[in-house]
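Down below is the structure, laid out as structure tokens.
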Amino acid sequence: MLEIKNLHAEIEADGREILRGLDLTVKAGEVHAIMGPNGAGKSTLSHVLAGKPGYKVTDGSATLDGVDILDMDPAMRAATGVFLAFQYPVEIPGVGNMTFLKAALNSQRKARGEGEISTPDFMRLVRTEAGKLKITQDMLKRPVNVGFSGGEKKRNEILQMAILQPKLCILDETDSGLDIDALKVVSEGVNALRSPDRAFVVITHYQRLLDHIRPDVVHVLSKGRIVKTGGPELALELEAKGYADFVDEAA
Amino acid sequence: MAAVKETVDQVRAIDVDQYKYGFETEIESELAPKGLDEDTIRFISAKKNEPEWMLDWRLDAYRRWLTMEEPSWARVSYPKIDFQDLYYYAAPKTTPAPKSLDEVDPELLRTYEKLGIPLKEQAVLAGVEGAKIAVDAVFDSVSVVTTFREELSKHGIIFCSISEAMREHPELVKKYLGTVVPVTDNYYATLNSAVFSDGSFVWIPEGVRCPMELSTYFRINEKKTGQFERTLIIAEKGSYVSYLEGCTAPQRDENQLHAAVVELVAMEDAEIKYSTVQNWYPGDKDGRGGIYNFVTKRGDCRGARSKISWTQVETGSAITWKYPSCILRGDDSKGEFYSIAVSNGHQQVDSGTKMIHLGKNTSSRIISKGISAGKSQNTYRGQVKVNRKADGARSFTNCDSLLIGHDCGAHTVPYLESANPRAKVEHEATTSKISDDQLFYCISRGLPTEEAVALIVNGFVRDVLQQLPMEFAVEAQKLIGVSLEGSVG
Ligand SMILES: Nc1ncnc2c1ncn2[C@@H]1O[C@H](COP(=O)(O)OP(=O)(O)O)[C@@H](O)[C@H]1O
Ligand SMILES: [Mg+2]
């Protein structure tokens, strides 16, 4: 589903290369975990895939179901099925959460040449998905992420994911700042979305998230490249020994 | 999010020029001779068949004006206006003073149709079933038609042009005109008192709740013509009226002067809600042309427990100089000011309000949202003044500015003066930018850039939009979107 080849990307402002020949293949239905030390380029990878301005791709490619996504504007990438659950979700004062969700969903549908969702269908969809994530009516009515706790913001990201039904879900440290109960709710939300035609890239530092969201493949990202790939046991090994071995290998 | 969608669709539908009201109506006009002297004033007064006292009032104002200096304290700059290079009166030849819709020149009717202004007496404004809106349509210097007059008169309400009011209801005009904004008030108000051409007059009798929205649409059409309208609204004891004013002008390279005066009087327990959607031609992208909008608007809460509420959505004009104010004279009276001021291109806005607390337990509430984009400058200037005797006075101001881009400016100039130690005066102000992170967050969820901007801006102005009559809120929201076209990326 996702095929990244020899991806090089730098920071536009200062020309610093962050991704240095990154290869990654994620098949439909799979969950891949990406771990790695701070500053390795994990968030950068997620931003480059989602199309955040400020980065320049200097070499390599990234395709989703064979279609080059790096050439698309970010809104089009979203409509094509890329979704990034942000490490730090942004607040948008005055814009109701529901309003935002509906505008986003309809924009994506329009870009795909589909009609708008009817209001009753939308309400039903939101009610069902919000219920699963223990998101209250009040949170749905409030402005996007304004005054939400850390855990509420992350749950809200998963709600957006559930409503927008992307093909590729990238989760950037969704577990950071969550207590154990919130972690469980979020993980259940993610697990409910696992399906044979959807892929996940889960960026995390901690095994504890992977206890709940069982990955098929685990990668270590260091200095802008994947330096080691293995099964779920690799995460346990990292938890026990730290990144030191791999970081040295990459050096 | 239908409104946001409409905003975006509308933005897309417009190509090079964003201002869709910039067309000109081909119609023959009768003009006063160019320039300003006592004869010009006699000409205007004669055209309007005014009583003698009115002419004297005008001449007196003119003589005072000659001794006054143009104010320079506002944060706006423009070349000196040549007051002798203007026409002070322009009226369509065909329709000097029509009695009914059938008598109005079809060319004029087409103009208002094109502007989306309902002049037919039926359910109006798309999407609002059964909502009736009475309209006074002012074209250059004259009112061309006022709708729903019969229905309103059944309730004892007077709604007509001010010229007609001077002839038909001289006692009311004489009693109230100039009592809120005195002839000597300020340079432009004094000029207006001398040369005002037309505008609306509203009188709501005691205890009557006006059964429909009243509105006036001002259109400047003629070249080199100043528009000086005058509006007077009186709400007697326990009455209520909601009034809306809209304005547009053709697109021209020259700057045109618009200097209006609006006076509101609310007696005991009366309430006036005055909304403005100001969309005068703002000038082109290089700052050529556009209206100079120098306006004096003031409401007098004369009776106890009266209430005056100003809501304005300001998107047009090259320069705006405007401070709708409330004199809170009656005990327990309330003043409100809700404002959205959008500036783009080279527009300069210096706008705000004055709340003068004279009575006991008076309260005022000011919510101002300034949005600056392009190379524009947007200043909020607000005064809250509490008199020594105004025990229990309370005032709250919240003033937020939003910057889009790097070349614009937002400024907040509050003046707080309290002579009563027990008064409670609060002021909050914030300035923010649409952050790249906010924008990317929206876009990464599938919203195209302009739609993302419209969404964020609409969120920013939401509390003020909610104050507008529903049918106009949608219109205003669209207007804001159009005004900000091309402001990002
Ligand atoms: N927009 C940016 N501007 C400047 N530096 C950045 C930007 N984004 C990332 N970086 C830098 O790129 C490197 C990789 O950061 P990041 O991708 O956030 O790492 P990780 O998520 O693995 O901790 C860091 O040195 C970080 O400071
Ligand atoms: Mg990171």
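Which chain is which? The protein sequence lines are X and B, in order.
The first sequence begins at 198 in this note's numbering and counts up by one.
The second sequence begins at 738 in this note's numbering and counts up by one.
Built from N, CA and C at the ideal position, the CB exists for glycine as well.
With a cut-off of 8 Å, the C-beta of Y252 of chain X is classified as near ligand 1, since at least one heavy atom of the ligand falls inside that distance. Residues with their Cβ less than 5 Å from any non-hydrogen atom of ligand 1, running along the chain, are X:I208, X:I215, X:N235, X:G236, X:A237, X:G238, X:K239, X:S240, X:T241 and X:G251.
Across the set X:A301, X:A230, X:K299 and X:M269, the C-alpha of X:A230 shows the shortest separation from the C-alpha of L431 of chain X. For secondary structure counted as the alpha helix (DSSP H) over 4 or more consecutive residues, the segment 253-313 of chain X holds these complete runs in sequence order: 271-277 and 294-308. In this structure, Q1204 of chain B has its CB at a distance of at least 8 Å from all heavy atoms of ligand 2. The contact set of F319 of chain X on chain B, defined by CB atoms closer than 7 Å, is empty, because the minimum CB distance reaches about 11 Å. Within the same chain, and ignoring the five residues on either side of L1176 of chain B in sequence, the residues whose Cβ sits closer than 6 Å to its Cβ are A1189. Against chain B, the CB of F345 of chain X has no partner CB under 9 Å away; the residue lies outside that interface. At a beta-carbon threshold of 8 Å, the residues of chain X lying near G1183 of chain B are A272, A275, A276, A301, L302, S304, Q305, A308 and L361, ordered along the chain. Membership of K239 of chain X in the alpha helix (DSSP H) is indicated by the continuous run K239 to A247. In the pairwise beta carbon analysis, the segment 1198-1218 of chain B is classified as touching the segment 1065-1077 of chain B: at least three pairs are separated by under 8 Å. Not one heavy atom of ligand 2 sits closer than 8 Å to the Cβ of D408 of chain X. H244 of chain X counts as buried, since no fewer than 16 other beta carbons sit within 10 angstroms of its beta carbon. Rounded to whole angstroms, the Cβ separation of S766 of chain B and P829 of chain B is 6 Å, and the two are in contact under 8 Å. Taking CB atoms only, E311 of chain X has no neighbour in chain B less than 9 Å away. Under the three-state reduction of DSSP output, I1180 of chain B falls in the helix class. In the three-state reduction of the DSSP assignment, Q1049 of chain B falls in the strand class. Neighbours of I1077 of chain B in chain X, taken as residues whose beta carbon is under 8 Å from its own, are absent, since the nearest beta carbon is some 12 Å off. Out of B:V939, B:A1003 and B:T1033, the CA that lies nearest to the CA of R1042 of chain B is found in B:A1003. A Cβ-Cβ contact shorter than 9 Å links P412 of chain X with P429 of chain X.
Counting C-beta pairs closer than 8 Å gives fewer than three between the segment 912-923 of chain B and the segment 777-787 of chain B, which falls short of the contact rule. Under the three-state reduction of DSSP output, Y825 of chain B falls in the coil class, being neither helix nor strand.
Secondary-structure assignment with DSSP links I201 of chain X through a beta bridge to X:L221 and X:A259.
For the segment 374-406 of chain X, no residue has a beta-carbon sitting nearer than 9 Å to a beta-carbon of chain B. Assignment of alpha helix (DSSP H) within the segment 1019-1076 of chain B, counting only whole runs of 4 or more residues, yields no such run.
Under the Cβ criterion of 9 Å, N1195 of chain B is counted among the residues facing chain X. The three-state reading of DSSP puts G1089 of chain B in strand, counting E and B together.
For Q1204 of chain B, no Cβ of chain X is located within less than 9 Å of the residue's own Cβ. Of the candidates X:I360, X:T296, X:R352 and X:E349, the residue whose Cα lies closest to the Cα of L1192 of chain B is X:T296. With a cutoff of 8 Å, D1174 of chain B does not count as near ligand 2, since its C-beta is closer than that to no heavy atom of the ligand. By the C-beta density criterion, V264 of chain X is exposed, having fewer than 16 other C-beta atoms within 10 angstroms.
Not a single CB atom of chain B sits nearer than 9 Å to the CB of P412 of chain X.
Annotated three-state conformation of S1220 of chain B is helix, per DSSP. Excluding sequence positions up to five before and after A1160 of chain B, its CB lies within less than 6 Å of the CB of V1123 and A1130, all in the same chain and listed in chain order. In this structure, L969 of chain B places its C-beta atom within 9 Å of the C-beta atom of A902 of chain B.
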